[in-house]
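Residue numbers (the working numbering): 12 to 343. Before any comments, here is the structure.
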Amino acid sequence: MSPSLGWLGRVLAPSLADVTFAGRGFGVPPTASTPGLEAIPQTVVCGFEYGMAVDGLWELERRLSLVQPGLQGFAYEGATMAAVIRDALGGFRGRRTQDLLTGPARPHVLLAYIGIGFAMARLPRPLWRKVLPDLPGVPEHPTMSWLAVDGYAFDRAYFDTRRWVHEQYVPASHPWQGRPDYFPRAVDQGVGRALWFVNGGDVHQVAQAVRRFAEHRRADLWSGVGLAAAFAGGADAGRLAVLREEAGVHWRQLALGAVFASTARTSAGFVPPHTAVATTAFGNLTVEQAVRLAGDTAVHEQDAGGGPVPAYELWREAIRQGLGVRRLHRAS
């Protein structure tokens, strides 16, 4: 493949201005948190352009290493998106995605799955069955690959907000991991993450946005909100406590998102203060306790036994149950 695909990256990637809240037309007033939140999609764009512009894995890793630690995972999201698209252009005969995810992106593999989803949003559905590489030695694989569906839905909700958020569009299902029945739930988890950004991290507006959706969709939306708030930041402890109250009976979904955010941040080797604050606000956990809870409850595909519920959701339910046990212990 030509080493100069940067032109294609520029064609496919939006400008940095286009991914700002004003550029997307979200209609939220700027706050002190806005630049930090907007830096996230902008970093994804830069990572994508890097991934399209260079051939060598060493040079890509070197470029991404220059990104500040708090944003580096998002740069790998964009680079993974580029790898998937470049593999698709070659008829999926290449190994760019596999080499990236088993190499320098390994510490960021949970966000890299989301990058696969960003590519899915730009590829025809018949190619989706080829986007997920084999990842030997990665224990989260393929259980956590549902984050690719999450990433696909986040992308669509961010860039087609009227349809996916305001009109609450439900896409046709897809047999991801052989589970078409779970596909809509993973979609809602991604839409929930997007609601955090679409509403500029305003906890009241986020809660109102969730409540506009049908009741059966709200639990998964709340888990996406929790993941975004804990991973991306944008609200202080007081406002996060309000969000926890707004979630009501779905508080464990919100805390579940923070548990996964803590796990992903810890795996990447950099846990920003806002992740710790959100994990405490949502689940009364330290980051270390959240990571331990995720590890102690982990469910892998071979453990699911081919039952009706995917291992990913069994793991999520085990974490929610663990959060409930902790709450009972605190109350006693």
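Idealized CB from N, CA, C, for every residue including glycine.
Expressed to the nearest angstrom, what Euclidean distance is found between the alpha-carbon atoms of residue i and residue j?
i: valine 263; j: glycine 101; result: It is worth fixing the name first, because residue 263 is arginine in this sequence and not valine. Each residue's alpha carbon lies about 43 Å from the other.
i: tryptophan 207; j: arginine 35; result: 14 Å
i: phenylalanine 37; j: asparagine 210; result: 7 Å
i: threonine 291; j: glycine 259; result: 16 Å
i: proline 319; j: alanine 50; result: 39 Å
i: glutamine 200; j: aspartate 231; result: 5 Å
i: serine 234; j: histidine 152; result: 20 Å
i: leucine 254; j: glycine 335; result: 18 Å
i: alanine 123; j: arginine 228; result: 25 Å
i: alanine 287; j: glycine 47; result: 17 Å
i: tyrosine 169; j: valine 181; result: 15 Å
i: aspartate 145; j: glutamine 109; result: 7 Å
i: threonine 91; j: glycine 81; result: 18 Å
i: valine 217; j: arginine 196; result: 19 Å
i: isoleucine 96; j: glutamine 179; result: 28 Å
i: leucine 143; j: arginine 107; result: 11 Å
i: valine 298; j: aspartate 247; result: 16 Å
i: proline 135; j: tryptophan 69; result: 30 Å
i: histidine 261; j: arginine 276; result: 23 Å
i: arginine 327; j: alanine 220; result: 23 Å
i: arginine 331; j: valine 30; result: 33 Å
i: proline 147; j: alanine 43; result: 43 Å
i: phenylalanine 103; j: glutamine 313; result: 27 Å
i: glycine 114; j: serine 273; result: 22 Å
i: methionine 63; j: alanine 225; result: 39 Å
i: glycine 333; j: leucine 265; result: 14 Å
i: threonine 154; j: glycine 105; result: 23 Å
i: tryptophan 6; j: leucine 296; result: In the structure as shown, the chain begins at 12 and stops at 343. Residue 6 is therefore absent and cannot be evaluated.
i: glutamate 256; j: aspartate 307; result: 27 Å
i: proline 14; j: glutamine 53; result: Note that proline 14 scores a pLDDT of 48, beneath 50, so its modelled location is shaky; the value from the coordinates is reported in the next line. When rounded, the distance between both Cα atoms is 23 Å.
i: aspartate 171; j: alanine 33; result: 14 Å
i: threonine 45; j: arginine 73; result: 28 Å
i: leucine 10; j: leucine 111; result: Because the chain spans 12 through 343 in this model, residue 10 falls outside it and cannot be assessed.
Which residues bound the alpha helix (DSSP H) around residue i?
i: threonine 290; result: 284–294
i: valine 298; result: 298–308
i: tyrosine 61; result: 45–64
i: tyrosine 3; result: Outside the displayed range of the chain (12 to 343) lies residue 3, so it cannot be described from this structure.
i: aspartate 98; result: 80–100
i: arginine 136; result: No alpha helix (DSSP H) contains arginine 136, which DSSP labels as neither H nor E.
i: valine 39; result: Segment: none, valine 39 is in no alpha helix (DSSP H) and carries neither H nor E.
i: alanine 315; result: 312–315
i: serine 273; result: 262–279
i: aspartate 108; result: It is worth fixing the name first, because residue 108 is threonine in this sequence and not aspartate. It spans 107–113 - the alpha helix (DSSP H) in which threonine 108 sits, taken as one unbroken run.
i: arginine 74; result: 68–76
Less than 8 Å between the beta carbons of residue i and residue j, yes or no?
i: leucine 267; j: glycine 237; result: yes
i: glutamine 150; j: histidine 285; result: The sequence shown places proline at residue 150, rather than the glutamine named in the question. Against a cut-off of 8 Å, the Cβ pair of histidine 285 and proline 150 comes out as no contact.
i: valine 120; j: glutamate 88; result: no
i: alanine 241; j: phenylalanine 293; result: yes
i: alanine 329; j: alanine 301; result: no
i: proline 321; j: tyrosine 193; result: yes
i: leucine 138; j: alanine 183; result: no
i: tryptophan 175; j: valine 214; result: no
i: glutamate 60; j: alanine 28; result: no
i: leucine 71; j: valine 78; result: no
i: glycine 67; j: alanine 279; result: no
i: cysteine 57; j: alanine 94; result: no
i: alanine 116; j: phenylalanine 165; result: no
i: alanine 132; j: arginine 167; result: yes
i: leucine 325; j: alanine 315; result: yes
How do the segment 159–176 and the segment 120–127 stand: do at least 3 beta-carbon pairs fall below 8 Å, yes or no?
-> yes
Could you name each continuous alpha helix (DSSP H) segment of 4 residues or more that falls completely within the segment 215–252, going from the start of the chain to the end?
-> 226–243
Within the segment 143–198, note down every full alpha helix (DSSP H) run reaching 4 residues or more, in order along the chain.
-> 157–170
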